[in-house]
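Each remark here refers to the structure printed beneath this line.
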Amino acid sequence: MSIHELPTTQNPVPAAGKTRQLTVRREAKPSRRRRRLSDLPGWLLASSAVVVLVLAWEGIVRAFSISEILLPAPTRIVRALVDGFTTGTFGSNTLVTLQEIIYGFGIAVVVGMLIAIWISSSRLAEKTLLPIVVVLQTVPKVALAPLFLVWFGFGMESKVLATALIAFFPILVNATLGFNSASVDQINMMKSFGATRLQVLTRLRFPNAVPSIMAGLDVAVVLSVIGAVVAEFVGSQAGLGYLILSSNTSLDVATMFAVLVVLSVIGLVLHYAVVLIGRRLAFWSEENRSRNVTP
Amino acid sequence: MTTTVMRFEHVVKQYGGGTLAVDDFDFSVRDGEFVSIVGPSGCGKSTLLKLIMGLEPLSGGSIEYSAAARSISAMTGMVFQQPLLLPWHTVLDNVLVPSALQSRSRRKADRGRALQLIGMLGLTDFVDSHPYQLSGGMQQRVGIARALLHDPRILLMDEPFGALDAMTRDQLTMDLLKIWEQDRKTVLFITHSISESVLLSDRVVVMTPRPGRIADVIDIDLPRPRTLGTINTPEFGDYARRIRRVLDGTEAVSS
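Next comes the structure, spelled out in structure tokens:
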């Protein structure tokens, strides 16, 4: 009676053209696959590629004796890096920039989260504040750095605040999105078991927002590094951005590259710190469960 | 000694857009009774549960229910169409959500009962697992354990097996029957499966589509305890056909 028991007819309607009886047969095969280069782990391949590129860079600079002012060789950059930290001012300047990043990022996290909580716990705040946030978000925050210089002076404050302003928006937007990501059904479930409005917020909407918040923090922490450096470019007396500018004026390109290395390391460490914390806290999120490759 | 546990008095629900979801729903549920509400989708059967739980305001009439319980929220236990578990909590913590919402000490005190319920539903090995590690059927079992945590006298079930595959569905239906036989809670069971409603219920309320009105109330006089074998008895078939006829009639009227 079922569809599977229908008698099978051979070519009930002859197809156009000649047909032949075809058979496909698949069998177990002893796997004798050749080992390929792509079987090697990703980290090994990536780091080998970097080594090859750096060697090529070194080779080209030496072979064509390119001027140090145009493109210093990697060995020259490493020397500048070592000199910078031993005899130079890399240590103190790194500390200044690092402080600006951390303070700025910290302010952005606190203020961004508080406003996100406010927006998601009050319909009125959501309706009035959210459109303003969306509009403000499109303002290029970097362009405000000169203004901050006027308002808060040449010291660290103007850089901290510029950094905070840049890092603030991704945190606010992602946290707000996260707090609002709980479904009506989930909220009804909590209410049916007697949850108060506050409990729906703390027991459902906050934990539910963690993956989204961590994604926002990741964007924000990388932007913080950019914010601090750009703010230093605009006008400063210390910091890695200042170091780039001053080495640039004295045509010390090797030092400039060395500072770039330091900045990249700071960015990488902060990024991975956020990613690791995020994976810890949001182990249950779909995104984290499907991930099997480290970015 | 059949006392009324829940009384719907000419309940009307009209949504903001003007859709009349439920119209003149007048019905009494007796203590310890298993009542199914059957109807085509969009007949406002799920709306009824939302009205009971106060998740939606009534547009007319009234609903009243009473039961012995520690608190208002402990009077009822609700099972949803989706498991709606909290993904960051373990199975045990999910079952304990109703207690945790009351107080930390309540949660601690109910831990033993939660473990017992988890055992009863065959999830002992998964106490410390997270929802994403469970199958759909297992997740729904956790949802049932959560609803039973406060030992509510009234159990509200909103198409709890609707999202499951047929085999899991049969199994959970039988498990539910067994659990219900233990202490005969008052159950309001929303479904669109006729056979499910006949197998489980003492009475079946058949609803009309849009607006949801009571088309008929059918008493199911099949002997208990019922088993999957009950489905093959001629009486079962008679009841199922009767409900089918009522449903077909309502659809003919509406179209």
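So the protein lines, in turn, are chains A and B. Residue numbering for the first sequence follows this note's numbering, starting at 93 and increasing by one per position. Residue numbering for the second sequence follows this note's numbering, starting at 543 and increasing by one per position. No residue lacks a Cβ here, since even glycine has one placed at the ideal position from N, Cα and C. Keep in mind that this is a model prediction, so the values were computed, not measured.
Query                                                                                                                                               : Result
Close beta carbons around Ala350 (chain A), own chain, < 6 angstroms, minus the five adjacent residues each side                                    : Ile169, Ala172, Leu173, Gly176
Cross-chain neighbours of Ala301 (chain A) in chain B, by beta carbon under 9 angstroms                                                             : Neighbours of Ala301 (chain A) on chain B: none; closest Cβ ~11 angstroms, over 9 angstroms.
Beta-carbon proximity of Ile579 (chain B) to Ile732 (chain B), cut-off 8 angstroms                                                                  : yes
Burial state of Gly754 (chain B), where buried means 16 or more other Cβ atoms lie within 10 Å                                                      : buried
Runs of alpha helix (DSSP H) wholly within the segment 602-630 of chain B (minimum 4 residues, chain order)                                         : 614-617
Proximity to Pro262 (chain A) [Cα-Cα], best of A:Leu309, A:Met348, A:Val227                                                                         : A:Leu309
Touching by the beta-carbon criterion (3+ pairs, under 8 angstroms), the segment 361-379 of chain A and the segment 271-287 of chain A              : no
Length of the line joining the Cα atoms of Val729 (chain B) and Ile721 (chain B)                                                                    : 12 angstroms
Closest Cα partner of Ser130 (chain A) within the set A:Arg124, A:Ser123, A:Ala138                                                                  : A:Ala138
Neighbourhood of Leu368 (chain A) by C-beta, 7 angstroms cutoff - its chain only, sequence neighbours within 5 removed                              : none
Proximal residues to Glu575 (chain B) (C-beta, below 7 angstroms), its chain only, five neighbours per side dropped                                 : Thr728, Asp744, Arg745
As assigned by DSSP and simplified to three states, the class of Phe197 (chain A)                                                                   : helix
is_contact[Phe778 (chain B), chain A] using C-beta, thresh 8 angstroms                                                                              : no
Inter-residue spacing [alpha-carbon to alpha-carbon] between Ala548 (chain B) and Ala312 (chain A)                                                  : Here the sequence assigns Met to residue 548 (chain B), which means Ala is not the residue at that position. Looking at the two C-alpha atoms, the distance is approximately 54 angstroms.
Residue-chain proximity (Gly180 (chain A), chain B), Cβ-Cβ < 8 angstroms                                                                            : no
Exposure of Glu738 (chain B), with buried meaning 16 or more beta-carbon neighbours within 10 Å                                                     : buried
Cβ-based burial, Asp700 (chain B) [other Cβ within 10 Å; buried from 16]                                                                            : buried
Proximity test, Cβ basis, 8 angstroms: Met281 (chain A) and chain B                                                                                 : yes
Contacts around Ala611 (chain B), its chain only, beta-carbon distance under 8 angstroms, and the 5 residues preceding and following it disregarded : Met617, His692, Pro694, Arg695
Close beta carbons around Leu690 (chain B), own chain, < 7 angstroms, minus the five adjacent residues each side                                    : Gly619, Leu659
Given Gly560 (chain B) as reference, the closest of B:Leu741, B:Gly596, B:Ser601 once Cα atoms are compared                                         : B:Ser601
Test: Ala307 (chain A) CB closer than 8 angstroms to a CB of chain B                                                                                : no
Three-state class that DSSP yields for Ile785 (chain B) in the structure shown                                                                      : helix
Minimum Cβ-Cβ distance from Tyr781 (chain B) to chain A less than 8 angstroms                                                                       : no
Interface residues of chain A facing Phe622 (chain B) [CB-CB closer than 9 angstroms]                                                               : Asp277, Asn280, Met281, Ser284
When B:Arg786, B:Phe569, B:Pro673 are compared against Gly603 (chain B), the one with the closest alpha-carbon                                      : B:Phe569
Length of the line joining the Cα atoms of Asp712 (chain B) and Arg372 (chain A)                                                                    : 38 angstroms
Element boundaries [alpha helix (DSSP H), containing Leu373 (chain A)]                                                                              : 345-373
Between the CA atoms of Val564 (chain B) and His552 (chain B) - distance to the nearest angstrom                                                    : 10 angstroms
Contacts of Ala287 (chain A) in chain B (Cβ-Cβ under 8 angstroms)                                                                                   : Leu643
First through last residue of the alpha helix (DSSP H) which encompasses Asp813 (chain B)                                                           : Because chain B here runs from 543 to 797, residue 813 (chain B) falls outside it and cannot be looked at.
Strand pairing of Lys555 (chain B), partner residues [DSSP]                                                                                         : B:Val564
8 angstroms Cβ cutoff, Trp376 (chain A) in contact with chain B                                                                                     : yes
Chain A contact residues for Leu626 (chain B), given Cβ-Cβ distances below 7 angstroms                                                              : Asp277, Gln278, Met281
Beta-carbon proximity check, Pro625 (chain B) vs Tyr674 (chain B), cutoff 8 angstroms                                                               : no
Local Cβ density within 10 Å of Arg780 (chain B), reported as buried at 16 or more and exposed below that                                           : In the sequence on display, residue 780 (chain B) carries Asp and not Arg. Asp780 (chain B) is exposed by the Cβ-count criterion.
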